[in-house]
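Data first, discussion second: the structure below is written as structure tokens.
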Amino acid sequence: MTGPITLDDLPIRDDLRGRSPYGAPQLDVPVRLNTNENSYPLPDVVVEAIAEAVTAELRELNRYPDRDAVALRADLAGYLGHGLTTAQVWAANGSNEIQQQLLQAFAGPGRVALGFTPAYSMHPLLALGTGTRWVDGRRGPDFDLSADDATGQVVEHQPDLVFLCSPNNPTGTALDPAVVRAVLAAAPGMVVVDEAYAEFARPGTASAVRLLSTHPRLVVTRTMSKAFGFAGGRLGYLAAHPAVVDAVQLVRLPYHLSALTQAAARAALAHRDTLLGTVRVIMQQRDRIVAELRRLGLTVADSDANFVLFGVHGLSGGDGVDAGGDQRAVWQALLERGVLVRDVGLAGWLRVTAGTPQETDAFLDAMTELVAGSNFLPGLRAGASTEGIR
Ligand code: PMP
9 MTGPITLDDL PIRDDLRGRS PYGAPQLDVP VRLNTNENSY PLPDVVVEAI AEAVTAELRE
69 LNRYPDRDAV ALRADLAGYL GHGLTTAQVW AANGSNEIQQ QLLQAFAGPG RVALGFTPAY
129 SMHPLLALGT GTRWVDGRRG PDFDLSADDA TGQVVEHQPD LVFLCSPNNP TGTALDPAVV
189 RAVLAAAPGM VVVDEAYAEF ARPGTASAVR LLSTHPRLVV TRTMSKAFGF AGGRLGYLAA
249 HPAVVDAVQL VRLPYHLSAL TQAAARAALA HRDTLLGTVR VIMQQRDRIV AELRRLGLTV
309 ADSDANFVLF GVHGLSGGDG VDAGGDQRAV WQALLERGVL VRDVGLAGWL RVTAGTPQET
369 DAFLDAMTEL VAGSNFLPGL RAGASTEGIR
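Residue numbering for the sequence shown follows the working numbering, starting at 9 and increasing by one per position.
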């Protein structure tokens, strides 16, 4: 064949035809608040410790790494606490890979996965990639998910795997543990609670980790990408019954976690007090964003994460004309002011990551300007529901 070949010319799987890859824009703008990263670079003491740990591995890169990443899993179990053992923890290149392995082991062709939309956009994409049929479950009008509503949908669809996300991305709010317990009681298969943002939850928020000892079909996934500021290091993990760890070992690639990743992650974990020192500061910025946007009259979801979902109804894209709740116009107007936020494809809503105080200043200044230029009447926004979302 001559000439340019496109995807359509290739014998790609029918179910992948016409699909788009996951793609948060990676734009070079001054204030990047679109992928829920930790805005703080690693401090020197941690950089040095990681450099030393990685250097110690270099001469033996001729050998494969520890296939079972035992030392790292022991460290992660120690970090999670709750009496968890190495056998109950599994690690991979980001929690995305963990969730892919779970779908490979427990779902796949002929099987069904259920999630409650809007939630983390990779869950359906991972289902697609593993040939799993995805069922888009519903939430209430204010993105709430009650135990009754969730179990009703579980009973209806009989999924092999259910994704719960707490704190939920993109809404930010943590799930009531009663919902997790109810879904566990109703689900015929595995229940995966994605707790990527657990470290940012407001005081009193319970992790599903404490349910593990009594629920062998429960899996809690976590990541070092957010609170630990280790997104570039790619380290996610799960906690579950040891039999679940046996199951993912059937599908994982041999030596999937490089010696460099394992060494770097262990060094980062050894400095967890330093790294997690940013969590409190980020939570303060998160709370400040919620309070200030509400003060401006916007509808804002409660957040237990390092990001905030806010309604844009009544705002203009900068020309004074109401954007009609079109989040794309507001996204663009913020970008023109040097602030990159996330359009999660939810009509009338945008998501912003809580970063440094300076980044929050830049975002709030831009938002104040947009509200001022919008003839914006707080409380009279069309289409925005205010109940429950506070
Ligand atoms: N779960 C949720 C809810 C997320 O928001 C993300 C990252 N945006 C992930 C999992 C995946 O993170 P990672 O693969 O970096 O661990």
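Backbone N, C-alpha and C fix where the C-beta goes; we use that ideal spot for every residue, glycine too. Given the structure is predicted, the values throughout are model-derived calculations rather than measurements.
Quiz item: For F114, which option in A135, T282, T125, A100 has the closest C-alpha, if you only look at C-alpha atoms?
Solution: Translated into the one-based positions of the sequence shown, residue 114 becomes position 106. Out of A135, T282, T125, A100, A135 has the C-alpha closest to the C-alpha of F114.
Quiz item: In whole angstroms, what separates the C-alpha of F315 from that of N44?
Solution: In the sequence shown, the residue the question calls residue 315 occupies position 307. In the sequence shown, the residue the question calls residue 44 occupies position 36. So the alpha carbons of these two residues sit roughly 6 Å apart.
Quiz item: Under a Cβ-count criterion, where at least 16 other Cβ atoms within 10 Å of its own Cβ denotes burial, should A380 be classed as buried or exposed?
Solution: One-based indexing of the sequence shown puts residue 380 at position 372. Exposed.
Quiz item: Between the segment 126-146 and the segment 231-243, are three or more C-beta pairs nearer than 8 Å?
Solution: Inter-segment contact for the segment 126-146 and the segment 231-243 is absent: fewer than three beta-carbon pairs are separated by less than 8 Å.
Practice problem: Pair every Cβ in the segment 92-100 with every Cβ in the segment 184-192, then say whether three or more of these pairs are closer than 8 Å. | Solution: no
Practice problem: Within the same chain, show all residues whose beta-carbon is closer than 6 Å to that of R147, passing over the 5 residues directly before and after it, in chain order. | Solution: For this step, residue 147 is matched to residue 139 along the sequence shown. Around R147: F124, L153.
Practice problem: May I ask which residues mark the beginning and end of the beta strand (DSSP E) holding A248? | Solution: By 1-based counting over the sequence shown, the position of residue 248 is 240. A248 -> beta strand (DSSP E) spans 244-248.
Quiz item: Based on Cα-Cα distance, which residue from D281, A267, V289, G285 lies nearest to V62?
Solution: Numbered from 1 along the sequence shown, position 54 holds the residue referred to as residue 62. The residue with the shortest Cα to Cα distance from V62 is A267.
Quiz item: Is S103 near the ligand PMP, going by C-beta to nearest heavy atom under 6 Å?
Solution: What you label residue 103 is simply residue 95 of the sequence shown in a count that begins at 1. A heavy atom of the ligand PMP is found nearer than 6 Å to the CB of S103.
Quiz item: Is the beta carbon of N46 within less than 6 Å of some heavy atom of the ligand PMP?
Solution: The residue you call residue 46 lines up with position 38 of the sequence shown. No - the ligand PMP has no heavy atom lying nearer than 6 Å to the Cβ of N46.
Quiz item: Under 7 Å, do A182 and A209 count as touching if we go by C-beta distance?
Solution: For the purposes of this step, residue 182 is identified with residue 174 of the sequence shown, where counting begins at 1. For the purposes of this step, residue 209 is identified with residue 201 of the sequence shown, where counting begins at 1. In contact: A182 and A209 (Cβ atoms closer than 7 Å).
Exercise. Pick out whichever of P211, Q166, D144 has its Cα sitting closest to the Cα of A313.
Key: To locate residue 313, count along the sequence shown from 1; it is residue 305. Put simply, of P211, Q166, D144 the residue whose alpha carbon is nearest the alpha carbon of A313 is P211.
Practice problem: Can you give me the start and stop residues for the alpha helix (DSSP H) that G240 sits inside? | Solution: One-based indexing of the sequence shown puts residue 240 at position 232. For G240, there is no enclosing alpha helix (DSSP H), as DSSP marks it with neither H nor E.
Practice problem: Determine contact between the segment 36-43 and the segment 342-351, defined as no fewer than three beta-carbon pairs at a distance below 8 Å. | Solution: yes
Quiz item: Quick one: what does DSSP say G396 is sitting in, helix, strand or coil?
Solution: For the purposes of this step, residue 396 is taken as the residue at position 388 of the sequence shown. For G396, the predicted model reports a pLDDT of 37, less than 50, meaning its position is unreliable; a value from the coordinates is still stated below. Three-state DSSP puts G396 in coil, outside helix and strand.
Exercise. Specify whether the segment 296-309 and the segment 333-349 touch according to this definition: at least 3 beta carbon pairs, one from each stretch, less than 8 Å apart.
Key: Counting Cβ pairs under 8 Å, fewer than three are found: no touch.
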